[in-house]
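Accompanying notes for the structure given below.
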Amino acid sequence: MFRLDGKVALVSGAGRGMGFGIAQALAAQGAHVVVNDFHQDRAESAARQLREAGLKASAQAADLTDRAAIFAMVERIQAEVGVVDIFVHNAGIPAQGWGYTPFLQSPESEWNAWLQLNLHGLMHACQALLPAMQQRGWGRIVAINSDAARTATGMGLCAYGAAKAAAIGFIRNLSGEVGPHGVTANALSLGTMNNWEGSEKIARKGTSVGRAGSPQDVGAAVSYLASTEAEWVNGQVLPVNGGGLVA
Numbered sequence: 007m008f009r010l011d012g013k014v015a016l017v018s019g020a021g022r023g024m025g026f027g028i029a030q031a032l033a034a035q036g037a038h039v040v041v042n043d044f045h046q047d048r049a050e051s052a053a054r055q056l057r058e059a060g061l062k063a064s065a066q067a068a069d070l071t072d073r074a075a076i077f078a079m080v081e082r083i084q085a086e087v088g089v090v091d092i093f094v095h096n097a098g099i100p101a102q103g104w105g106y107t108p109f110l111q112s113p114e115s116e117w118n119a120w121l122q123l124n125l126h127g128l129m130h131a132c133q134a135l136l137p138a139m140q141q142r143g144w145g146r147i148v149a150i151n152s153d154a155a156r157t158a159t160g161m162g163l164c165a166y167g168a169a170k171a172a173a174i175g176f177i178r179n180l181s182g183e184v185g186p187h188g189v190t191a192n193a194l195s196l197g198t199m200n201n202w203e204g205s206e207k208i209a210r211k212g213t214s215v216g217r218a219g220s221p222q223d224v225g226a227a228v229s230y231l232a233s234t235e236a237e238w239v240n241g242q243v244l245p246v247n248g249g250g251l252v253a
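See below:
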């Protein structure tokens with residue numbers, strides 16, 4: 007069940023952390039995973055780890071805020087591996103890094119950085135990938151999103167939350183256009199993940215399962231949405247948050 011044999015999956019921001027966990031999960035189901043990362047060495051290292059584990063993987067570096075770079079990457083993938091069947095947009099933190107900036111102190115450049123990667127990057131990639139998916143009559147788009155799109159965190163995440171909310175609006179509307187062509191577009195809404203200091207303390211209080219999420223938790227959910235078994239799931243935002251109590 008949820009096997010992806012013969013499928014090609016592109017995972018953005020997969021050189022480490024949660025993205026790498028998603029890549030591992032898809033590769034374990036039989037997909038050839040193209041590991042994308044902003045850093046070439048990071049992408050190649052992650053792909054090599056997958057191959058050493060007996061899985062199918064290759065690496066492609068590209069800046070997901072650069073439309074031309076995205077289209078060039080897709081052309082390379084099609085020439086080297088084949089048409090991308092599954093796209094997971096995991097890249098979500100701008101190159102300048104993460105910050106908790108109160109809104110009144112946040113510059114417009116920071117707003118744009120979050121939007122360019124989380125919304126525009128997703129849209130550019132979909133324009134590059136969807137023609138081939140629709141022509142073949144099968145495809146999966148999965149956007150990694152956040153509960154910050156629908157909850158008030160009080161953590162200086164206004165621009166981040168706004169960008170994530172915009173991406174959800176895009177995915178929901180896109181699903182109506184691509185559904186008739188055998189393509190689904192969905193998103194995951196993630197809660198507190200175990201990739202930052204203090205996350206476990208917050209998760210123990212804010213989730214019913216009492217822990218923060220892991221890359222493996224996210225990879226399992228992505229594998230489902232990417233599968234043939236999920237063909238009747240379209241335009242949805244799946245909460246993957248350990249039963250988060252703040253909603």
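Numbering (our numbering), first residue to last: 7 to 253. Beta carbons: idealized from backbone N, C-alpha and C, even for Gly.
Shortest alpha-carbon distance to residue i belongs to which of the options?
i	options	result
D91	R146, L61 and V224	R146
K169	N200, L128 and S181	Residue identity check: residue 169 is Ala in the sequence provided, not Lys. Of the listed residues, the one whose Cα sits closest to A169 is L128.
Q84	A15, L196, M7 and M24	A15
A236	H38, V215 and W144	W144
D11	S233, V243 and N240	S233
H38	M24, S64 and I76	S64
A62	E116, F93 and L32	Note on identity: in this sequence residue 62 is Lys, with Ala being the wrong assignment. Per the Cα distances, L32.
I174	Q141, N124 and V17	N124
T249	S220, V243 and G197	A quick correction: the sequence has Gly, not Thr, at residue 249. When only C-alpha atoms are compared, the closest one is G197.
R22	K13, R9 and L56	L56
N96	C164, V148, A67 and A138	V148
D72	A49, A101, E183 and G88	A101
S115	Y166, A191 and K13	Y166
Q140	C164, S181 and R48	S181
For residue i and residue j, I'd like the C-alpha separation in whole angstroms.
i	j	result
G185	A155	24 Å
I59	A52	The sequence given here has Ala at residue 59, not Ile. Cα to Cα, the separation comes out at about 11 Å.
A253	V189	Residue confidence for A253 is low, a pLDDT of 44 falling below 50, so the modelled location carries little weight; the figure read from the coordinates is stated next. Cα to Cα, the separation comes out at about 29 Å.
G27	A131	21 Å
I150	L231	11 Å
Q30	D43	15 Å
A134	V80	7 Å
G204	T159	Because G204 sits at a pLDDT of 47, beneath the cut-off of 50, its placement in the model cannot be relied upon, and the point is left open.
R142	P108	46 Å
Under the DSSP definition of a beta bridge, which residues are partnered with residue i?
i	result
M199	G219
D43	A67
T190	R146
P245	S195
V17	V41 and V94
N151	S195
Discussion item. Threshold first: 4 residues or longer. Then list the alpha helix (DSSP H) segments lying entirely within the segment 153-189, N to C.
Written reply: For the segment 153-189, whole alpha helix (DSSP H) runs of length 4 or above, ordered along the chain, are 164-184.
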